[in-house]
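A.B. asks: Counting in our numbering, the sequence shown runs from 103 upward without gaps. C-beta atoms are modelled at their ideal positions from N, C-alpha and C, and glycine is treated no differently. Here it is, the structure, as C-alpha cells.
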Amino acid sequence: MYDLVVIGTGMGGGTLLAGLCDSGLRILAIERGDFLPSEEQNWQVDAVFGARRYRTCETWLDGQGRWFVPNLHPWVGGNTKVYGAALVRLRREDFAPVEHAEGISPGWPITYEELEPYYCLAEQLYLVHGSSGEDPTEPPRSCPYPYPPVPHEPVVAELAAQLREAGLHPSALPLGIDLRLNGRCLRCSTCDGFPCRVHAKADADVRAVRPALQFPTVELRPRTVARRLLTDANGRRIRAVEVESGGEVFEILAEQFVVAAGAVHSAALLLRSANDTHPHGLANRSGTVGRFLMAHHNTLLMAIDRGRLNTTTFQKTLAIFDFYWRTPAFPYPAGSLQLIGKRSPETVALSFPALTMDEARDIAAHSVDWWLLSEDLPHPENRVTVRSDGHIQVTWHPTNGAAHTALLRAAREVLEACGYREFLVQSIGLDGVAHYCGTVRFGNDPATSALDPSCRAWEIDNLWVVDASVFPSSGAVNPALTIAALALRAADHLRRQFGIATPVRETVQRLTGAQLQP
C-alpha cells in the first residue's frame, strides 16, 4: 500500500513527484510509456516528423466520427520530451474574467498572486532563461529569472531592432534549456519538436522524474496503463487504481491518488471509472468532467524575404506580446507570437507538400518562422467522451476565431513593415494540438466545477487532478509553466494533508542547489 499514486509523469505529474520526493512518503508513479531512448533518430527530421517515431500509435475519433492520431508522446515526461521549452507565465489579468470578441474568458478560483511564488519555484526547477522589463504585458514578479535570456543570433537581433523601430516591444522568450556554466545545451537546430539527445532540454523527465527517483521512497512503474479508479462502498474515497501492465490486470492501493494524464486522458479516466455511486464518472456531479475542452488557435507563419539570408541555427529566442490584449484594428485580446525552431528544407516540405524540394530549400534559407497563439474560449459542447466500445472521442469546434484572424493580420502587417513580403501559413488542426486543457476544471463552486481551488475533487476526499485539465481558461501562452506551478502548489497542499511541515520551496532548493528568495 502506497501513500500516494501519481498517474502520469508529464509536466503535472512529474513536477509533483519532484515536489514531494524528499517528503518520506511512499510514492508510486504510473506511466503508460517508457524512458525515451537517446539515439541518432532523436535529431533526424525524417524519423521525428516524417515517420513520427516518438508519437503515440493511439487513435481517437473527432466529433464527426473520423479517426485521427493525436499529437501525444507517451514517454516518461510526456509531451515535454518534444516540447519547445517555452515557459511563459499567464498574464495577471488572465486569472480574472476577460471580455473577448466572442464571449467571456472565465476567471480562476485563485489569483495570480497566489500562484506567483510557485511560478518562481517552477522557473528555478526548469532552468528558465529570461529577462524582465521588455514585455509590456508581463505580470509582476517577486523573483528574477534564475538565468539570463538566451542570446539572439544576428538575424534575430536585427529583426528585434526593426520591430522596436516599428513601435513594438519584442522580448526574450523564456526558455527552459541547460545553458548554465558547463551546461549541456549545444544551441542546435533540433530542439523545438525534437527529443533532446543530450538531455539539455528542461523536460519533466530530466528535471523532475529522474531526480525524484533518486529518493528511496519514490518508485516508477513504466509501461503501465491506468484503466479505472475504484472507490470504496460509499464512494467518498478512491481505494485503488486498476492497471494493465505486461498483459496483466491488477489493482494498486494507496491513501491518496493524483491524476495527471493530460487533459484528454485524465477526463477519460474519470469517465471510465463510473460506478453505481458515481454513474456519470468520478468527480462529475457538476457534469463538467470532459466538457469545456480548449486547445488554443495555433498557426505557423513563415515570413520570407528573398533578399535576406537567415543563417540562424537556434532561432527560438524572441516573442511579441503587444497584441495580447488588442491590436491597432481589433479592440479585444488577440494573442501572442513566438519564434519557433528554424525550419529546415525537410520540415518546410513536410508542412507544404505542394512545394518542390528546391523551393523548400529557398524558402527555408530566407524565412523567419513564427508560432501564432490565440485563446480558445471554453464551451460545454467542446468535450471528451468515452464511447461504449472504450474509444475516446474528442469533439472540438474552435471558438474565438476572430481574435486569431486579427492576430494573423497584425503579424503580417508588422512583418511587412520589416521587409518580409511573402508568407506561408499553416493552420494547426485537431491532430496537431499539443495544448489541450480545461476538461476537469477547478473552481469555487461544486455545482460548476469538478475540483476545489486546491485541485482536489469536491466529492472524493483523496482524489486530485494536476495537469492542464484543471484550467478554467487557456490564456494565449504555452501552458507548461502554469501546469508546473499548479503541481508545486498541489504538492504543498498534499504535504499538509499528510502532516508534513516542510514546504515544497525547501525541496526545490534542495534539488536545484539554489537560494530562493522568501
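For the putative contact between residue 446 and residue 466, defined by C-beta atoms under 8 Å, what is the C-beta separation to the nearest angstrom?
C.D. replies: The Cβ separation is near 6 Å, so the contact holds.
A.B. asks: Buried or exposed: which applies to residue 237, given that a residue is buried once 16 or more other Cβ atoms fall within 10 Å of its Cβ?
C.D. replies: Residue 237 sits buried, since 16 or more C-beta atoms from the chains shown fall within 10 Å of its C-beta.
A.B. asks: Can the beta-carbon of residue 436 be found closer than 8 Å to that of residue 469?
C.D. replies: no
A.B. asks: Step through the CB atoms of chain B and report whether any lies within less than 8 Å of the CB of residue 177.
C.D. replies: Judged by its chain identifiers, the structure shown contains no chain B, having just a single protein chain.
A.B. asks: Use the C-beta contact count for residue 539: other C-beta atoms within 10 angstroms, 16 or more gives buried, fewer gives exposed.
C.D. replies: So residue 539 counts as buried.
A.B. asks: Grouping DSSP H, G and I as helix and E and B as strand, with all else coil, what is residue 571?
C.D. replies: helix
A.B. asks: Measure how close the beta-carbons of residue 401 and residue 510 come, nearest whole angstrom, since I'm counting them as under 8 Å.
C.D. replies: 6 Å
A.B. asks: Could you give the residue range of the beta strand (DSSP E) that holds residue 404?
C.D. replies: Per DSSP, residue 404 belongs to the beta strand (DSSP E) from 399-406.
A.B. asks: With a 10 Å radius around its C-beta and 16 neighbouring C-beta atoms as the bar for buried, classify residue 133 as buried or exposed.
C.D. replies: buried
A.B. asks: Helix, strand or coil: which one does DSSP assign to residue 201?
C.D. replies: Three-state DSSP puts residue 201 in a strand.
A.B. asks: Where does residue 226 land, buried or exposed, given buried means 16+ other C-beta within 10 angstroms?
C.D. replies: buried
A.B. asks: Can you tell me which of the three DSSP states residue 270 falls into?
C.D. replies: coil
A.B. asks: Once the 5 residues before and after residue 375 are set aside, which same chain residues still bring their CB inside 7 Å of it?
C.D. replies: 330, 331, 383 and 384
A.B. asks: So, with DSSP's three-state summary, where would you put residue 314?
C.D. replies: DSSP places residue 314 in helix when its eight states are reduced to three.
A.B. asks: Look up residue 617 in the DSSP assignment and say whether it is helix, strand or coil.
C.D. replies: Because the pLDDT of residue 617 is 45, which lies under 50, any placement of that residue in the model is unreliable, and the question is left without a value.
A.B. asks: If you run the structure through DSSP and keep just helix, strand and coil, what is residue 231?
C.D. replies: strand
A.B. asks: Quick check: residue 622 and residue 105, are their CB atoms within less than 8 Å of each other?
C.D. replies: Outside the modelled stretch of the chain, which goes from 103 to 620, sits residue 622, for which no answer is possible.
A.B. asks: Inspect the CB distances between the region 360-377 and the region 477-484 and report whether three or more fall short of 8 Å.
C.D. replies: No, because fewer than three Cβ pairs between the region 360-377 and the region 477-484 fall closer than 8 Å, the two stretches do not touch.
A.B. asks: Can the beta-carbon of residue 542 be found less than 8 Å from the beta-carbon of residue 115?
C.D. replies: no
A.B. asks: Does the separation of the CB atoms of residue 520 and residue 320 fall below 8 Å?
C.D. replies: Result no, Cβ atoms of residue 520 and residue 320 do not sit closer than 8 Å.
A.B. asks: Give me the Cα-Cα distance between residue 165 and residue 576, rounded to the nearest whole angstrom.
C.D. replies: Going by the C-alpha atoms only, they are around 21 Å apart.
A.B. asks: Could you spell out where the beta strand (DSSP E) holding residue 329 opens and where it closes?
C.D. replies: If you look at residue 329, you'll find it in the beta strand (DSSP E) that goes 326-333.
A.B. asks: Kindly indicate which residue of 572, 573 and 548 has the alpha-carbon position closest to the one of residue 561.
C.D. replies: 548
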